[in-house]
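Below you'll find the structure, written out as structure tokens, and then a few comments.
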Amino acid sequence: MDKRAIGVFDSGLGGLTAVKELRRIAPQENIVYFGDTARVPYGSRGPETILKYAWQDACFLMEQNIKYLIAACGTVSSHVDETFRAHLDVPFCDVIGPASLAAAKGTKTGRIGLIATAASIRSGAYDRALAAIDPSLQVLPKACPLFVPLVEQGLFQKDCEITRLTVEMYLAPLKQQKIDTLILGCTHYPLLAPLIDEFFEGQVLLIDSGRQAVDTAVGDIAALGLSGDGKGESTYFVSDDMDSFVRNAGLFLGAPVDGTVHEIDIEQFEGVKVWKKRS
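Counting from 1, position 255 in the sequence shown corresponds to residue 272 in our numbering; the numbering is continuous, with no gaps.
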């Protein structure tokens, strides 16, 4: 048994929905989470900046002696390349492949909607992943830039009129295009799932990209003989405003923060130098 932690990172709080799922299906595993709250959101950044940030985040978590790394961030997942993967010291999973496979298996009409950040949509990563599975699948994307700040502000209750109207504005075109499956391509979006499901009148299969990534990671860990038997302890790191994280993290975890929280200066981390050498 391997008591080392599973590392999970995201640009902010959204990746905590993946931590919640990891806690549910693998409660014996220790977890180290990093949320880059100082530089959220990543979705409005350029590709090189996203990759630099992702490399810093990954390097920081590898310094924590993790055994597996999950990029619980749709924007990062849509930009990591083979060079990035090759420089990691631990097995790695992003959200693109697992979510695409689940969507391909779940659709009956081949009309798959995708909602994500603008950067994820522009990357075409989901289009490529789904085409590799089945070239006949039709991907219908929609960038939803307001979803992340709404969720980060806790405005995702079903009675929140602002968010309800935003959901309708973004998703009306996908409803008109008669999708039968929708990939939630950002780990913030599961908190909007009740509103999204209501808008589609329960007729569209929602694919939680973070949940699919966690399922894949737990399977990989078992296959590699790395399963843990620890106490299931959690450690959280953020790059800005630790108090705000503690106040808001429970909204994503579905329970109060269950571990220690630390604030770090990610810009001063050694990963900056490593990235410059790599580049």
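Positions of the beta carbon are idealized from the N, C-alpha and C atoms, including for glycine.
Treat the numbers as computed from the prediction; the structure is a model and nothing was measured.
Bounds of any alpha helix (DSSP H) do not take in Arg21, whose DSSP letter is neither H nor E. Only exposed fits Ala240, as fewer than 16 other CB atoms lie within 10 angstroms of its CB.
Sequence-distant partners of Gly52 (beyond 5 residues in either direction) whose C-beta falls short of 8 Å from its own C-beta, in its chain, are Phe26, Asp27, Ser28, Gly29, Leu30, Gly32, Leu33, Tyr253, Phe254, Val255, Ser256, Phe262. If only uninterrupted alpha helix (DSSP H) runs of at least 4 residues are considered, those enclosed by the region 78 to 129 are 91 to 94, 99 to 103, 113 to 123. Residue pairing by DSSP puts Glu280 in a beta bridge opposite Val255.
Where Tyr187 is concerned, there is no enclosing beta strand (DSSP E), although the alpha helix (DSSP H) around it starts and stops at 178 to 193. With a contact defined as Cβ atoms closer than 8 Å, His96 and Ser61 miss out at about 13 Å. Annotation: the continuous beta strand (DSSP E) that includes Tyr50 extends over 48 to 52.
If the five residues before and after Thr183 are omitted, its C-beta is found closer than 6 Å to the C-beta atoms of Leu163, all from its own chain and listed in chain order. Here Trp72 is not near Phe109, since their CB atoms are 9 Å or more apart.
Inter-residue distance for Ile238 and Leu39 is about 12 Å (C-alpha atoms, whole angstroms). With respect to the 9 Å criterion, Leu222 and Leu208 are not classified as neighbours on the basis of their beta carbons.
Three or more Cβ pairs drawn from the region 118 to 126 and the region 222 to 236 lie within less than 8 Å of each other, which places the two stretches in contact.
Comparing alpha-carbon positions, the option among Gly91, Leu243, Ala266, Met259 lying closest to Lys84 turns out to be Leu243. Taking the Cα positions, Asp151 is about 23 Å away from Gly236. Rounded to the nearest whole angstrom, the C-alpha separation of Thr54 and Val278 is 13 Å.
One Cα belongs to Arg41, the other to Leu270, and the distance between them is close to 11 Å. Judged by beta-carbon spacing, Ile138 lies within the 9 Å limit of Pro158, meaning their Cβ atoms are closer than that value.
Residue environment for Arg228: buried (at least 16 other C-beta atoms within 10 angstroms of its C-beta). Looking at the DSSP output, Leu131 sits in a beta bridge with Pro158, Ile200. Within its own chain, the residues whose Cβ lies closer than 6 Å to the Cβ of Ala22, once the five positions on either side in sequence are excluded, are Asn47, Ile48, Val49, Ile83, listed in chain order. One Cα belongs to His104, the other to Ala142, and the distance between them is close to 20 Å. Val156 and Ile129 do touch by the CB rule: their CB atoms are close to 6 Å apart, below 8 Å. For Leu147, the enclosing alpha helix (DSSP H) begins and ends at 142 to 150.
Take Ala135, set aside five residues on each side of it, and the residues of its chain with a beta-carbon closer than 8 Å to its own are Gly60, Ser61, Ala160, Pro162, in chain order.
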